[in-house]
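The sequence shown maps to residues -22 to -1, 1 to 924 in mature numbering (1 follows the signal peptide of the UniProt record, and there is no 0). Cβ coordinates follow ideal geometry from the N, Cα and C atoms, glycine included.
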Amino acid sequence: MQMSKLLLRWLTTTFCLLHVLGDRTIGAIFDDGTFLLEAAFNIALTAASEEQENPFVASVIRTPPGDILEAENAICTLLESNVFGVFGPTRKGSLLHIQSIADFLEIPHVITDPIETQNRNWSVVNLYPHHLSYSQIFADLIELKGWTEFTVIYEGAELLPFFDNILSMQDLDTGQKISINIVQLPDGEDFRTQLKFVKKSGSLNYIINCGIKILPMILEQAQQVGIMSDDHSYLIMNPDFQTIDIDPYRHGGSSITGIRMFDPTLEPIQEFIKSLNEKVAELSENSIENAIEENGLTLDLVLVYDAVTLFAATLNTMELEDGSNVTCDDAESWVYGSSIVNYARTMEVDGLSGIIKFDEDGFRSELEIDVLEIRTYGLDKVGTWTLEDGFVETKVDVSPAEQEGSESMKGKHFIVLTALSAPYGMLKESSKKLEGNDRYEGFGIEVIEELAKMNEFNYTFDIQEDGVYGSYNKKTKTWNGMMEKIMDGRADFAITDLTITAARQKAVDFTSPFMNLGITILYKKPTKEPPDLFSFISPFSMGVWGWLAGAFVGVSGLLFILGRLAPEEWQNPYPCIEEPETLDNQFTLANSFWFTLGSVLTQGSEIAPIAVSTRMAGSMWWFFTLIMVSSYTANLAAFLTVESKFYAIKSVNDLANNPYGITYGAKNGGATFSFFKESDNLLYQKMCLYMEEHPEYQTGSNDEGLERVKSNDENYAFLMESTSIEYMVERNCDVAQVGGLLDSKGYGIAMKKNSPYRQPMSESILQLQEQGKLTRMKDKWWKEKRGGGACADDDAGGGEAQPLVLANVGGVFIVLAAGSGMAVVCAFFEMVFDVWMISRKMKVSFREELIAELKFILSFSGDTKPVRHRESTGSGSGESKGGSDEKKEGDAECPVDDDDDDRPDPSPTPRSERSNHSRHTLQLSRRQSNAVQMAKMRKYSLKSAL
Ligand code: GLU
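Listed below in structure tokens is the structure:
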């Protein structure tokens, strides 16, 4: 009821206008539910009336959408006002009904709709391209793209005629079989089931014909079901393709092609849009609901404008004064109706949609269609299609790369994919509930923050829940993980410890690396070995010890020989005897060894070389010992204090040979595993084989690898990237990096292939590097945040001097004890030998002599020992103290002469004979004998003075 009242009011208004203005009235029935078509119609009429004596007058009736009866009423009403022709309506049912009335009454019916006017209606002029021409555009494009299979996706059955030439491609004898699937979309807004079905069919190319309203929904859902990657191609048949927001599909990797019939950037179009918005505001009493944006102009509005232009031009040319004079009740038709239609079909007018011209069948000719493609930087015109020439590629003046390079990131919003992999991306620890990007922190997060500041873009982080970075499956020829999402366009950038590899670089673009690293081994820290008891031997190698021993023996022997050769070494043993019968040589074999040993042990000896040759040999030996002892001392400290460690493996070679049954693996599907897989190094191939044979040693993440390394239940080494190892050993003091780097590579930010943002992002990363910001960030996230530096003290363990424990120096004690023990044994044997000699010489019982000797030794009394067997007394009983003294006197080299004879005794007891007396007294130390000599000399000088 409400509706009919409204309609009545409109009709009344229109009638009033008609009656007032009269003149050349052109009627229109618009059932689009907006004011847009009406506005376009009015603007066009106003423009056509300019400089005309008889201006055109609009008689517009708006009917409820799809209401056929109201449409019929409308045309009847319009006919009563002598219209020259009727425009609209747009709904197919109403339109066909009006068309039949107009046909009957031969009233020119001007339409702009995609309906198949196969039966050449005399009264219709349609500005919309004929469905065969239309389908030919896409048939040509399909051929150009070389599709051998594709799926036709369409919305309503009325659109099927527009596939005519496309579907008939199947039958063409092109030598190549083309397989075509057809899928009709249901009513409503959920097409996922159909799209999943399309995906399952394995089809990669799609041609879509649907209303402009549902087109974005279809594309979005296609993205969701995963049929919008690099491998997928789309042809969009809707001529308003240029009006949709293409941002979500720019980076998806799919080739999306569409068409347009006018260039919205041209000035007349822009002016038309402006006038449209003004007119709509006027008609809708300033409602901005229907206002159109710069690129929101749809083809129907342009065609209405063009249709009015054409119709007005026809009437002007025909100079017809009066409009139709028939009504709905008449059985007669209007005589001029068909003439106007025929005339219009011969006209050639320059319209907003190009040249408006018709072929002999009354269908639009001279069509010039722009072919567009969605690029990462926006919609790009790739060519033009005409009926005559088909598709002609547009010559590109500016290379796409240049266009891409100039693409600014400013103000754009990006989805940044990351993974929860410490320290690149982590969940923030907070007592408050965090939302959005605030939930994350880490090195990668901070890098993106910096890049966003530098390039003024916005971003939202998305998390790769399964932590899979992406590897290529050669069988299915697909990527997984983060790589797949980037290629699909589900994310614009990916940042984490994502390694730049050759395989990945083929599929996506990477920025310059923001971090450099290499593969190495994470393993338990080497265990400390107990100190070596004989570590005092370590400063010199066994070889050096051998050479030292050789030098000792050699130099000692040399001194012995030199001593015998050098005359000066033969000295008067009794300086008081001027002409001694014998000369002594201090360099006996024993003394030579004692001399060299004394100096090498830095203790010296009483022996002092006299001859030049012995002095020379001696000083050279001293120099030698000086250097050797200093070197030994310097090295000794290190060997005593440095802890020796047990390394089960020191390199990847050890791991491959696996002497201790160490199992090893890497992150599944990661760059490390790929490194071994791709390598042609035999060792790495062997390791790869091992890892492939033992999938149970692969891990899902680096953290899992760390846990397995730390676990006491298994002896596991994890092949990992050095930067991640650095992070872990800062916090886990029981693990360490083992060996050097096996390769050298970097982490980069991944984005779609040929992305225009690679250049600005790479430049910004280099700037961050040059400013030292990346280093600072690394120090912060590696060494400071989240428990960094926990193992710093462990590593600096050698900073303070550590006291040596017995274990360090125990060997020296052992040597001392062994030496002392040997000395005791020696002394014992010496004593027994001496007793044996005496017992033999003196013909006494060995046993008695031994017991007597032992008694004396064990009595520990006094430091003088009585001579038990004296040859001179012959009694063998002179065991008195006096006897001893007497012997001492007689032992004097310079005998004391009580007769004041200061000559020395001409026949001193020969040294050889002294052994016949007591060996004990003869073996006075040199020092003692010197003292005796000195005393005697003093006595002589006193006597001579007297
Ligand atoms: N950074 C590696 C990647 O990008 C993951 C860790 C690894 O493989 O060691 O796949």
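Give the C-beta separation of residue i and residue j to the nearest angstrom, bearing in mind that I take them to be a contact with Cβ-Cβ under 8 Å.
i	j	result
residue 534	residue 571	4 Å
residue 111	residue 341	7 Å
residue 436	residue 391	4 Å
residue 501	residue 695	4 Å
residue 399	residue 445	7 Å
residue 763	residue 485	Rounded, the Cβ-Cβ distance is 33 Å, inconsistent with contact.
For residue i, I'd like the list of residues in its chain whose CB is within less than 6 Å of its CB, leaving aside the five on either flank, ordered along the chain.
i	result
residue 661	634
residue 494	724
residue 269	255
residue 820	847
residue 11	43
Might you give, ordered along the chain, the residues of its own chain that have their beta carbon closer than 7 Å to the beta carbon of residue i, omitting 5 neighbours on each side?
i	result
residue 52	7, 39, 41
residue 431	none
residue 94	109, 139
residue 610	517, 518
residue 26	34, 286, 287, 290
residue 17	254, 257, 258, 261
residue 506	621, 623
residue 310	304
residue 115	237, 347, 363
residue 419	404, 406
Keeping to the same chain, check which residues put their C-beta closer than 8 Å to that of residue i; ignore five residues upstream and five downstream.
i	result
residue 595	533, 536, 537, 540, 587
residue 944	Here the chain has residues from -22 to 924 only, and residue 944 is not among them.
residue 769	707, 708, 709, 710, 711
residue 328	334
residue 350	219, 220, 235, 236, 237, 238, 357, 358, 359, 360
residue 783	509
residue 247	240, 241, 275, 280, 330
Would you mind reading off the limits of the beta strand (DSSP E) that contains residue i?
i	result
residue 495	493 to 495
residue 363	356 to 364
residue 2	2 to 8
residue 370	368 to 371
residue 347	346 to 353
residue 127	127 to 132
Under DSSP, the alpha helix (DSSP H) around residue i begins and ends at which residues?
i	result
residue 681	680 to 688
residue 698	Here residue 698 belongs to no alpha helix (DSSP H); instead the beta strand (DSSP E) covers 694 to 699.
residue 423	421 to 433
residue 141	Unbroken run through residue 141: none, as it is neither H nor E.
residue 947	This structure leaves residue 947 out entirely; the chain is present only between -22 and 924.
residue 459	459 to 466
residue 176	170 to 178
residue 730	Unbroken run through residue 730 is the beta strand (DSSP E), 728 to 730; no alpha helix (DSSP H).
residue 109	109 to 123
residue 335	Note, residue 335: premise wrong, no alpha helix (DSSP H); beta strand (DSSP E) at 332 to 336.
With a 10 Å radius around its C-beta and 16 neighbouring C-beta atoms as the bar for buried, classify residue i as buried or exposed.
i	result
residue 804	exposed
residue 370	exposed
residue 838	exposed
residue 858	Unreliable placement is indicated for residue 858, whose pLDDT of 38 sits below 50; the coordinate value is still reported in the next sentence. By the neighbour-count rule (16 or more Cβ atoms within 10 Å), residue 858 is not buried but exposed.
residue 568	exposed
residue 735	buried
residue 92	buried
residue 409	exposed
residue 106	buried
residue -21	Its pLDDT being 45, under 50, residue -21 is placed unreliably in this model, and the coordinates cannot settle the point.
residue 164	exposed
residue 354	buried
residue 738	buried
What I want to know is whether the C-beta of residue i ends up closer than 7 Å to one or more non-hydrogen atoms of ligand 3.
i	result
residue 645	With respect to ligand 3, the structure offers nothing, as its ligand set consists of ligand 1.
Checking contacts by CB at 8 Å: is residue i closer than that to chain B?
i	result
residue 516	Note that chain B does not occur in the displayed structure, where there is just one protein chain.
>> Could you tell me which whole alpha helix (DSSP H) segments of length 4 or greater appear in the segment 762 to 846?
In response: The alpha helix (DSSP H) runs lying completely inside the segment 762 to 846 and spanning 4 residues or more are 770 to 773, 784 to 819, 824 to 837, given in chain order.
> Where are the alpha helix (DSSP H) runs, 4 residues long or more, that stay fully inside the segment 203 to 283, in chain order?
Replying inline: 245 to 261, all fully within the segment 203 to 283.
> In chain order, which continuous runs of the beta strand (DSSP E) of length 3 or greater are located wholly inside the segment 486 to 574?
Replying inline: Here the runs fully enclosed are 486 to 488, 493 to 495, 497 to 502.
> Considering only residues of the segment 25 to 98, which uninterrupted alpha helix (DSSP H) runs meet the minimum length of 4 residues and lie entirely inside it, listed in chain order?
Replying inline: The segment 25 to 98 contains these whole alpha helix (DSSP H) runs: 46 to 58, 70 to 83.
>> What ranges does the beta strand (DSSP E) occupy inside the segment 614 to 664, keeping only unbroken runs of at least 3 residues that lie completely in it?
In response: Counting only runs of 3 or more, we get 641 to 643.
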